[in-house]
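*Asks:* In this note's numbering, the protein residues as written are 21 to 513.
Sharing a structure, written as structure tokens. Questions coming.
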Ligand code: UDP
């Protein structure tokens with residue numbers, strides 16, 4: 021008898037740790053479906069920016085996941101202040117010929133009668149830029165959205181906003197009302213969309229249009245988190261307005277990385293703290309505060325008297341995503357550690373109550389530690405889902421990308437986060453920090469958010485339970501790929 025051909029899926033993670041991590045998790049889950057193999061493609065650009073990624077992570081992938089790295093493309097002609105979106109999309113754009121070559125070689129090596137061809141090409145949100153290449157080769161494309169569905173609906177709406185309005189979005193007189201979503205101020209749209217004249221603006225609008233080339237969206241969200249939005253999106257898909265969305269989340273890593281064998285010292289420190297007492301403060305892989313904001317946050321944490329575990333980054337006065345490229349801080353002469361930027365005597369004064377860790381910490385383990393009672397977060401979507409999986413309430417401190425959209429959704433719809441301030445520009449003062457973190461760990465609003473976090477944790481577990489909504493959605497998309505592969509290998513014999 022002939023073996024059924026395994027469906028081969030090509031996954032493309034765009035540059036950045038925050039993109040490679042969830043794509044690796046998707047790869048793991050895809051091959052766990054059985055009869056599916058995967059190739060995980062990453063970019064040489066940025067991937068070595070600290071933390072030993074992605075090699076340590078790649079080493080932990082199951083054997084049915086192959087890997088490929090697209091060669092580094094030069095970026096030295098970009099202006100020094102080019103936005104993160106411009107940098108990433110420039111990398112993706114310049115590497116399109118390499119991607120095409122890679123897809124052609126994968127098509128050749130897994131083509132019938134030996135295999136079922138390439139059943140699907142699955143880029144993430146920035147990689148959606150490359151859908152055209154797959155379409156030209158006749159490979160179905162599915163965009164893996166490592167954000168929530170509201171952020172996707174918002175992005176898909178942007179080309180229309182671009183066409184029908186002329187002012188900057190932050191000056192829009194009316195809030196943006198999208199089906200199934202809480203309303204959004206124009207000012208909450210991502211930064212690159214706040215300046216129509218910037219190259220990043222054009223990139224994002226074009227990227228939104230290219231999303232429509234997809235055969236479907238695989239979205240890292242789940243029913244209990246975005247019930248109304250999912251229902252509204254399904255209706256739009258049925259009408260043919262958008263490709264279908266599969267809500268398959270939450271995908272959360274089970275450990276922080278492949279590399280960390282030894283237990284991080286901060287976990288031993290947490291072991292000594294009371295249950296639910298510690299605030300975990302971290303702004304993702306890229307989030308960066310200014311020098312002044314770093315000092316205010318430190319002073320506010322100290323003044324609050326709350327216990328804290330803070331992952332401190334080199335500050336940057338120019339770019340809230342500076343850590344993403346590892347460009348913040350260096351050469352400023354405060355020694356080799358970002359801890360050198362904390363106020364004089366801070367470590368001594370907060371000893372026993374707080375712990376500051378330089379640059380990177382094992383977040384998944386930290387959030388699920390019984391001592392952690394709150395999360396001061398930039399609202400990156402992976403961080404948010406990790407908080408959900410651990411049942412930890414958040415204080416929303418959005419910095420860049422789609423984080424303001426997430427913050428609005430988390431505070432006003434999901435109820436998981438407190439968002440003390442409506443505006444995100446300018447400094448959050450030490451008084452505001454102290455009041456907000458105290459409310460989160462010890463106040464009534466914090467308690468309500470904690471209750472919501474617990475509910476969401478249970479619902480998240482159910483979503484991947486035997487008859488769970490996310491499990492079913494994921495099986496549905498995997499079975500489309502298997503059908504495509506089977507049809508191809510039948511067609512060839
Ligand atoms: N992360 C971590 N330790 C850190 C900072 C971040 O393990 O000190 C991980 C975090 O657990 C999450 C990812 O890096 O999985 C960050 O992704 P997210 O979407 O939250 O934010 P981004 O970095 O994309 O802004």
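Cβ atoms here follow ideal geometry from the backbone N, Cα and C, with glycine treated the same way.
No experiment lies behind these values; they were computed from the predicted model shown.
Is it right to say residue 26 is buried, meaning 16 or more other beta carbons lie within 10 angstroms of its own, or is it exposed?
*Replies:* buried
*Asks:* Is the beta carbon of residue 269 closer than 8 Å to that of residue 239?
*Replies:* yes
*Asks:* Identify, in the order they occur along the chain, each residue of the same chain with its Cβ nearer than 7 Å to the Cβ of residue 337, setting aside the five sequence neighbours on each side.
*Replies:* Excluding positions up to five away in sequence, the list reads 310 and 311.
*Asks:* Any heavy atom of the ligand UDP closer than 7 Å to the Cβ of residue 201?
*Replies:* Residue 201 has its Cβ no nearer than 7 Å to any heavy atom of the ligand UDP.
*Asks:* Please find out if some non-hydrogen atom of the ligand UDP comes closer than 7 Å to the beta-carbon of residue 41.
*Replies:* Within the cutoff, so yes.
*Asks:* Which residue's Cα is closest to the Cα of residue 370: 361, 322, 52 and 300?
*Replies:* 322
*Asks:* Rounded to a whole number of angstroms, what is the C-alpha to C-alpha distance between residue 447 and residue 388?
*Replies:* If you take the alpha carbons of residue 447 and residue 388, they lie about 30 Å apart.
*Asks:* For residue 60, which residues in the same chain have their Cβ closer than 6 Å to its Cβ, ignoring the five residues on either side in sequence?
*Replies:* 31, 47, 85 and 87
*Asks:* Measuring CB to CB, does residue 198 end up less than 8 Å from residue 177?
*Replies:* yes
*Asks:* Can we count residue 374 as close to the ligand UDP, meaning its CB is less than 7 Å from some heavy atom?
*Replies:* no
*Asks:* Buried or exposed for residue 54, going by 16 or more other Cβ atoms inside 10 Å?
*Replies:* exposed
*Asks:* Compute the distance between the beta-carbons of residue 467 and residue 437, then report whether it is under 8 Å.
*Replies:* Not a contact, by the Cβ cut-off of 8 Å.
*Asks:* Can residue 434 and residue 465 be called in contact, C-beta distance under 8 Å?
*Replies:* In this structure, residue 465 does not lie closer than 8 Å to residue 434 by Cβ.
*Asks:* Secondary structure at residue 349, three-state DSSP: helix, strand or coil?
*Replies:* For residue 349, the predicted structure reports a pLDDT of 48, less than 50, and the residue's modelled location is therefore unreliable. A value from the coordinates is still provided. Coil.
*Asks:* Closest by CA to residue 357, which one among 420, 332 and 108?
*Replies:* Nearest C-alpha to residue 357 among 420, 332 and 108: 332.
*Asks:* Pull up the distance between the alpha-carbon of residue 191 and that of residue 137, whole angstroms please.
*Replies:* 49 Å
*Asks:* Taking the alpha carbon of residue 179 as the reference point, which residue from 233, 225 and 411 has its own alpha carbon closest?
*Replies:* 225
*Asks:* If residue 146 sits next to residue 159, beta carbons under 8 Å apart, how far is it from one beta carbon to the other, in whole angstroms?
*Replies:* Contact doesn't hold; Cβ gap of about 18 Å is too wide.
*Asks:* Give a yes or no on contact between the region 477-497 and the region 37-44, applying the rule of three or more CB pairs nearer than 8 Å.
*Replies:* no
*Asks:* Any idea what DSSP makes of residue 256, helix, strand or coil?
*Replies:* helix
*Asks:* In whole angstroms, what separates the C-alpha of residue 547 from that of residue 385?
*Replies:* Residue 547 is absent from the structure shown; the chain starts at 21 and stops at 513.
*Asks:* Nearest to residue 163 by alpha carbon, out of 229, 450, 249 and 479?
*Replies:* 229
*Asks:* Could you tell me if the beta carbon of residue 330 falls within a distance shorter than 7 Å of some heavy atom in the ligand UDP?
*Replies:* no
*Asks:* Heavy atom of the ligand UDP less than 7 Å from the Cβ of residue 306, yes or no?
*Replies:* yes
*Asks:* Starting from residue 164, follow its DSSP beta bridges and name the residues at the other end.
*Replies:* 144 and 238
*Asks:* Beta carbon of residue 383: closer than 7 Å to some heavy atom of the ligand UDP?
*Replies:* yes
*Asks:* I'd like to confirm something about residue 422: is its beta-carbon nearer than 7 Å to some heavy atom of the ligand UDP, or not?
*Replies:* In this structure, the C-beta of residue 422 stays at least 7 Å away from each heavy atom of the ligand UDP.
*Asks:* Going by beta-carbon coordinates alone, are residue 397 and residue 375 separated by less than 8 Å?
*Replies:* With respect to residue 375, residue 397 sits apart: the two C-beta atoms are not nearer than 8 Å.
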